[in-house]
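See below for the structure under consideration.
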Amino acid sequence: MRPITSFVFFLRNSFGIIKEPYHTYRHLAHGDKIFTQQTIYIYLLVIFFFLSSSIIRLGMENPYLLTVRFNLLLFGTAGGIILMLFLFYLTGKLWQVGNFSLLRLTVLWSYSLWPTLLWFIATALLYRLIPPPRTWSVPGGILSIIFITYSLTLLSWKLILYYLTLRFGLKLDLARICLTQLLIVPVVFIYSFILYKSGIFRIPFI
1 MRPITSFVFF LRNSFGIIKE PYHTYRHLAH GDKIFTQQTI YIYLLVIFFF LSSSIIRLGM
61 ENPYLLTVRF NLLLFGTAGG IILMLFLFYL TGKLWQVGNF SLLRLTVLWS YSLWPTLLWF
121 IATALLYRLI PPPRTWSVPG GILSIIFITY SLTLLSWKLI LYYLTLRFGL KLDLARICLT
181 QLLIVPVVFI YSFILYKSGI FRIPFI
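In structure tokens, the structure reads:
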């Protein structure tokens, strides 16, 4: 597929997961290598964001610290994505899912990174526009309410895409999806705690 055509499909599906996430994910789940090639753009955006946010926070004065920070962010993100795909793989084995496709799961989970990326972009912009320390004020309180609403909206969107990943990627019903959380949630919590203690992420990029 030509890069331009692939990018057009990527844009269409990115808007689709906002407007009609159910139908878009069902379409992606039955796709082929065409859909796989689209995911490169979301990862390029993630890399560009981490590079930009590292420069915003550290500046260009110390290239060594900038490189270390950038690599830590990439490592933490890649580890989280690989961990989630591994957990999905284990889930597929535990439920003995037929016609299991790790490639299909990769495509679906890659598109679910959009809410995460948009939330991190918002926090980076706030850090730049209103750097700490912050004091209480009426405009600040209004901004906090707006940000909390924004965060909850993205969280709801993320949970919907997570559900659809399990629904179409592993073909699980609601009962099995709920039971699967007994495996996934504790592992993700432990991984998030490790990233927090390591100073890489306060909120994991997954």
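Each residue of the sequence shown is one higher than the last, beginning at 1 in my numbering. Where a beta carbon is used, it is the ideal one built from N, C-alpha and C, also for glycine.
Residues near residue i in its chain [Cβ-Cβ closer than 6 Å; skip 5 each side]
i, result
"I17", "T24, Y111"
"F10", "Q38, Y41"
"I177", "L166"
"L192", "Per the sequence shown, residue 192 should be read as Ser rather than Leu. Cβ neighbours of S192 beyond the five flanking positions: P204."
"Y64", "none"
Minimum Cβ-Cβ distance from residue i to chain D less than 8 Å
i, result
"F168", "Absent from the structure: chain D. Only one protein chain is present."
Classification of residue i by the beta-carbon crowding that lies within 10 angstroms, buried from 16 upward
i, result
"P204", "buried"
"S53", "buried"
"I206", "buried"
"N13", "buried"
"G141", "exposed"
"V107", "buried"
"P131", "exposed"
"L164", "buried"
"P115", "buried"
"Y162", "buried"
"V46", "buried"
"L113", "buried"
"T180", "buried"
Collapsed DSSP secondary structure at residue i in the structure displayed
i, result
"R167", "helix"
"G140", "helix"
"N71", "helix"
"I203", "coil"
"V97", "coil"
"P131", "coil"
"S54", "helix"
"S112", "coil"
"R176", "helix"
"G76", "helix"
"M84", "helix"
"G92", "helix"
"R104", "helix"
Cβ separation of residue i and residue j, assumed to be a contact under 8 Å, to the nearest whole Å
i, j, result
"L87", "L102", "Their Cβ separation, rounded to whole angstroms, is 12 Å, which puts L87 and L102 out of contact at 8 Å."
"I56", "L66", "Wrong, their Cβ atoms sit about 11 Å apart, outside the cutoff."
"F50", "F70", "6 Å"
"L72", "W119", "Going by Cβ atoms, the distance from L72 to W119 rounds to 19 Å, so no, they are not a contact pair."
"P21", "I145", "In fact, because the Cβ distance is near 26 Å, the residues do not count as touching under 8 Å."
Same chain, Cβ closer than 7 Å to residue i, five either side skipped, listed in chain order
i, result
"K171", "V97"
"R104", "A29, G169"
"F201", "G76, L195"
"S151", "W119"
"L44", "none"
Beta-carbon proximity list for residue i, same chain, < 8 Å, skipping 5 on both sides
i, result
"L183", "L87, L90, T91, L94"
"T36", "L103, T106, V107"
"L83", "V187, V188, Y191, I206"
Runs of alpha helix (DSSP H) wholly within the segment 5–45 (minimum 4 residues, chain order): 21–29
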